[in-house]
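The sequence shown begins at 334 in the working numbering and counts up one residue at a time. Glycine residues also receive a C-beta, built at the ideal position from the N, C-alpha and C atoms. Here the structure is a predicted model, which means the values were calculated and not measured.
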Amino acid sequence: MSGGSFASMFADPQKNIEQFGLQPGQKVADFGAGSGFYSFAAAQAVTSKGTVYSIDVQQDLLAKLTNEARRQGISNIETIWGDAERLGATKLADGSMDAVIISNLLFQLEDKPGAAKEALRILKKGGRALV
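Structure, rendered in structure tokens:
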């Protein structure tokens with residue numbers, strides 16, 4: 334993804350992910366992945382040893398993200414059609430994620446506490462969230 338996009342005017346996903354300190358091999362959930370700016374940056378950080386789960390309620394955005402990942406030869410992004418505001422709706426196992434990314438999403442959420450509960454449910458003990 335190129336740097337001059339609308340989304341990157343608000344935050345620099347690459348810089349934020351670098352500062353977040355993801356490590357190779359980690360598992361990361363990207364809530365409200367949208368076009369995948371954070372997913373792509375996270376996928377690079379966790380390398381092919383890790384996995385990024387890009388979660389969104391909009392199937393068309395997930396399809397675009399999947400196509401762009403294929404185009405770029407990125408194989409460690411898995412898309413999930415799910416609702417990060419509902420407990421269990423991300424379809425990820427309890428305590429399975431090293432990190433959760435919730436970026437450029439809070440203003441869109443109707444149930445912010447629900448999203449926080451889902452993030453806590455899937456995070457490993459000691460896991461971190463980038464909000």
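Counted within 10 angstroms of its Cβ, other Cβ atoms place residue i as buried (16 or more) or exposed
{"i": "V433", "result": "buried"}
{"i": "L355", "result": "buried"}
{"i": "P446", "result": "exposed"}
{"i": "K424", "result": "exposed"}
Nearest to residue i (by Cα), restricted to the options the options
{"i": "D389", "options": "A366, S408, L420", "result": "A366"}
{"i": "K507", "options": "A449, F364, F370", "result": "Outside the displayed span of the chain (334 to 464) sits residue 507, for which this structure offers no information."}
{"i": "R403", "options": "F373, G421, A378", "result": "F373"}
{"i": "F364", "options": "A426, D416, S429, S381", "result": "D416"}
{"i": "A396", "options": "W414, T380, V385, S381", "result": "W414"}
The ligand SAH heavy atom lying under 7 Å from the CB of residue i
{"i": "L395", "result": "Ligands are entirely absent from the displayed structure, and the ligand SAH is therefore not among its contents."}
Helix, strand or coil at residue i [DSSP, three-state]
{"i": "S341", "result": "Residue confidence for S341 is low, a pLDDT of 41 falling below 50, so the modelled location carries little weight; the figure read from the coordinates is stated next. DSSP places S341 in helix when its eight states are reduced to three."}
{"i": "V385", "result": "strand"}
{"i": "I350", "result": "helix"}
{"i": "D393", "result": "helix"}
{"i": "A366", "result": "coil"}
Assumed close pair residue i, residue j - CB separation to whole angstroms, cut-off 8 Å
{"i": "L420", "j": "R461", "result": "With 8 Å as the limit, L420 and R461 do not qualify as a contact, their Cβ atoms being about 20 Å apart."}
{"i": "T412", "j": "S429", "result": "With a Cβ gap of about 17 Å, T412 and S429 do not count as contacting."}
Contact set for residue i: own chain, Cβ-Cβ below 6 Å, skip 5 residues either direction
{"i": "K382", "result": "P357, G358"}
{"i": "I407", "result": "A376"}
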